[in-house]
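Below is one structure; the comments refer to it alone.
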Amino acid sequence: MDFLRRIFYPQQGKIDTELTMESSLVCPRENTVEELANILDCERVVHVRGTPASGKSMLAGLLVAYYRNRKIPVIYKNTWPQEFVPCYNKLFVHMFRENGYDFDIRDYLFTQDVAIILDEAQMSYGADDLWLGLIKSQSGNRYGPRIAIFTSYGSPTKGPEMDPMPGSPLAFLGPQQRVSITPSIVGFSPKIALFYNREEFDDVVFRYCHDVTSLLKLDDGASDYLFSLTNGHPGAVNGILNMLQNVYRSDLKRDMDAVREADIRKTLEDKNKAFAFLEQTPVQRSFVDLKNLNPHAANTLRKVLIEGSMPRDLDNEGVRICYERGWLHTEPLDVQANEIICVLPTKLHAKFVEYNLADPKVKFPREKYPDIEALAEATLRQFSRRNMRAVSRYGAGAIIRPLEATYQDEFYRSLHTVLGYAMDVTSEWSPDGVGRIDFRLGSVGWGIEVLREGDRLHEHCQRFTTRGTYGKWIQEGLLQDWLVIDCRATSPRPYEIPDTKLWRAVFAPDFSAVEVRNQYNQVVVDRFALTE
1 MDFLRRIFYP
11 QQGKIDTELT
21 MESSLVCPRE
31 NTVEELANIL
41 DCERVVHVRG
51 TPASGKSMLA
61 GLLVAYYRNR
71 KIPVIYKNTW
81 PQEFVPCYNK
91 LFVHMFRENG
101 YDFDIRDYLF
111 TQDVAIILDE
121 AQMSYGADDL
131 WLGLIKSQSG
141 NRYGPRIAIF
151 TSYGSPTKGP
161 EMDPMPGSPL
171 AFLGPQQRVS
181 ITPSIVGFSP
191 KIALFYNREE
201 FDDVVFRYCH
211 DVTSLLKLDD
221 GASDYLFSLT
231 NGHPGAVNGI
241 LNMLQNVYRS
251 DLKRDMDAVR
261 EADIRKTLED
271 KNKAFAFLEQ
281 TPVQRSFVDL
291 KNLNPHAANT
301 LRKVLIEGSM
311 PRDLDNEGVR
321 ICYERGWLHT
331 EPLDVQANEI
341 ICVLPTKLHA
351 KFVEYNLADP
361 KVKFPREKYP
371 DIEALAEATL
381 RQFSRRNMRA
391 VSRYGAGAII
401 RPLEATYQDE
411 FYRSLHTVLG
421 YAMDVTSEWS
431 PDGVGRIDFR
441 LGSVGWGIEV
451 LREGDRLHEH
461 CQRFTTRGTY
471 GKWIQEGLLQ
481 DWLVIDCRAT
491 SPRPYEIPDT
501 KLWRAVFAPD
511 FSAVEVRNQY
521 NQVVVDRFAL
531 TE
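Residue 1 is where the sequence shown starts when you use UniProt numbering, and the numbers rise one by one after that.
Now the structure itself:
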């Protein structure tokens with residue numbers, strides 16, 4: 001992009017102090033950039049971590065522009081020599097001079113009111129002079145160079161994972177110095193994030209849809225769904241907007257007033273075409289490289305998909321590969337980063353894993369589960385009381401899952417426990433975008449809806465009738481059998497409409513046990529204890 005080249009590489013000897021973004025498509029992220037600058041004023045070092053194509057270079061560019069516009073000397077570095085660099089301080093002095101700053105900072109870099117923006121800094125992790133020198137000395141300082149470090153992996157608290165030289169511990173970066181892909185839950189963490197917040201996301205969509213070259217329009221429901229799908233991931237947002245523009249260009253030229261949520265779901269359900277398009281956009285760098293995926297990494301990705309998160313254990317080969325290649329993001333859960341979890345960055349990335357890591361050669365065990373009820377019972381028997389009692393469950397983007405999603409999350413996990421991680425199970429399946437079913441097993445054509453405390457029970461049951469939302473899927477053979485499971489901790493009233501495929505899973509208040517009843521409240525599976 002020309003405007004990024006202009007920011008990062010100004011003409012030698014000329015500093016643009018009135019820099020403005022040339023592209024009307026670029027969200028200036030003014031509040032985020034200003035808060036990032038405030039952190040640097042107070043702490044002198046900030047560490048911004050995110051997976052590939054998550055907007056790190058764009059945010060770095062906006063920060064460079066911020067300092068240039070305020071006449072604060074700033075340099076940007078995103079290439080890292082493979083050979084040994086004896087003194088990064090001298091290198092930075094040379095870069096300042098190349099960028100037209102003519103004052104003498106040769107001996108006093110540590111005292112200068114300047115900014116150093118380090119992008120792709122995970123490539124510098126072997127540079128002890130940089131990390132144990134300038135970065136360590138400036139962390140928490142009150143004056144001297146401001147250093148913004150943008151990396152795609154590394155320890156939240158200290159950057160490099162390797163052990164430093166004996167007697168030279170790396171600087172500890174506190175939560176107030178750490179910016180992640182979404183706002184952290186750790187106390188004292190900044191409220192800003194690498195991904196767009198909702199206000200910034202809306203601005204990006206507005207700019208895209210009102211560009212003179214764009215035909216795309218999104219209704220409110222489509223915008224809400226797109227934000228939920230991407231978590232505001234800059235590369236994912238841009239990629240999907242481009243895809244929707246491409247897919248619906250002809251319809252928008254004719255009589256389509258706006259793209260709706262159902263249209264987005266329908267587009268994504270054609271997984272081969274959808275991801276083939278997205279793989280031509282920058283966001284593809286954040287997707288799993290299927291050609292270079294080994295079994296260890298594949299199993300790690302499946303586990304994170306199914307369980308929402310898993311501990312970051314770098315002794316685990318699969319975890320280490322996914323971590324270093326940016327397929328998973330790591331997030332600390334405490335100030336000292338003693339507990340760190342791995343998550344997929346967005347629901348879109350979860351869809352990619354779900355679509356591509358199912359093994360079509362794995363056959364459904366019909367002899368073991370001859371009907372959908374047998375499978376549902378086996379799945380409920382795998383529910384964990386510990387998981388059901390958990391206060392916080394983390395999902396894509398390290399965002400805490402809502403309480404109402406507990407039953408669905410646990411059913412998804414337990415279903416894979418029963419069938420194996422490679423079974424073809426699609427969540428939120430929607431072949432035409434109109435309505436969606438919680439879980440579909442493609443090999444047998446079974447669909448399962450999981451409700452909480454009878455929420456919109458009648459509406460969900462009616463979807464499976466001839467005139468219901470799912471009626472045509474049944475008529476077309478896409479759904480061979482189905483079951484609605486109403487999970488609850490209170491005793492339900494009978495549901496009197498005949499021939500409804502409905503189960504009521506009634507859990508003990510402490511989630512120690514569960515009993516299954518049919519629509520008339522007759523027990524069909526005796527009370528049994530949940531697993532640990």
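Each residue gets a CB set at the ideal place from its N, CA and C atoms; glycine is no exception. A quick note: this is a predicted structure, and the numbers were derived from the prediction, not measured.
Check	Outcome
Rounded distance between the beta-carbons of threonine 300 and glycine 318, thought under 8 Å	3 Å
Isoleucine 497: first and last residue of the uninterrupted beta strand (DSSP E) it sits in	Per DSSP, isoleucine 497 belongs to no beta strand (DSSP E) and is neither H nor E.
With 16 other Cβ atoms within 10 Å as the buried cut-off, status of valine 514	buried
Where cysteine 27 sits in the DSSP three-state scheme	coil
Cβ shell of methionine 123 (< 6 Å), same chain only, five flanking positions each side left out	Trp80
Inter-residue CB distance, alanine 398 and isoleucine 341 (contact presumed, cutoff 8 Å)	7 Å
Cutoff 6 Å; reference tyrosine 421; Cβ partners in own chain excluding five residues on either side	Arg302
Beta strand (DSSP E) segment containing serine 427, residue limits	425 to 429
Runs of alpha helix (DSSP H) lying entirely within the region 188 to 212, each at least 4 residues, in chain order	198 to 209
Residue environment, glutamate 269, which counts as buried when at least 16 other CB atoms sit within 10 Å	buried
Beta bridge counterpart(s) of histidine 458 as assigned by DSSP	Histidine 458 is not bridged to any residue.
Candidates Ala396, Tyr355, Gln519 and Arg249: closest to threonine 230 by CA position	Ala396
Among Ile147, Tyr125, Gly126 and Asp203, nearest to leucine 36 - alpha-carbon criterion	Ile147
Validate contact between the region 462 to 478 and the region 351 to 362 using beta carbons, cut 8 Å, 3 pairs	no
Per-residue burial, serine 512 [other beta carbons within 10 Å of its own, 16 or more giving buried]	exposed
Length of the line joining the Cα atoms of lysine 347 and aspartate 255	31 Å
Integer-rounded CB distance, given that tyrosine 153 should sit under 8 Å from glycine 326	6 Å
For glutamate 261 and glycine 221, the rounded distance between their alpha carbons	6 Å
Beta-carbon spacing of arginine 389, arginine 401 below 8 Å	no
The beta strand (DSSP E) enclosing isoleucine 72, as first and last residue numbers	Run containing isoleucine 72: none; DSSP gives neither H nor E here.
Ordered list of beta strand (DSSP E) runs contained in the region 106 to 130, each at least 3 residues	115 to 118
Residue burial classification, proline 190 (beta-carbon count within 10 angstroms, cutoff 16)	buried
Among Met243, Ser223 and Pro52, the one whose alpha carbon lies nearest that of threonine 151	Pro52
Residue nearest to glycine 187 in terms of C-alpha spacing, selected from Pro509, Pro332 and Arg488	Pro332
Interface flag, arginine 401 vs chain D, CB-CB below 8 Å	You won't find chain D in this structure, because it holds only one protein chain.
Under 8 Å between C-beta atoms of glutamate 377 and arginine 452	no
Proline 370 to valine 444 span [Cα, whole Å]	10 Å
Which of helix, strand or coil DSSP assigns to leucine 218	strand
With 16 other Cβ atoms within 10 Å as the buried cut-off, status of lysine 14	With a pLDDT of 39 at lysine 14, under the threshold of 50, the modelled position of that residue is not reliable, and the figure given next carries that caveat. Counting Cβ neighbours within 10 Å, lysine 14 comes out exposed, since fewer than 16 surround it.
Alpha-carbon to alpha-carbon, proline 145 and residue 544	Absent from the model: residue 544. The displayed extent of the chain is 1 to 532, so no value can be given.
Same chain, Cβ closer than 8 Å to valine 525, neighbours up to 5 away in sequence not counted	Glu377, Leu380, Glu515 and Val516
Three-state secondary structure assigned by DSSP to leucine 502	strand
Span of the alpha helix (DSSP H), counted from its first residue to its last, around arginine 517	From DSSP, arginine 517 is part of no alpha helix (DSSP H) but of the beta strand (DSSP E) over 513 to 517.
Cβ-based burial, glycine 126 [other Cβ within 10 Å; buried from 16]	exposed
DSSP state of histidine 233 mapped onto helix, strand, coil	coil
Complete beta strand (DSSP E) runs within the region 314 to 340 (minimum length 3 residues, chain order)	329 to 332
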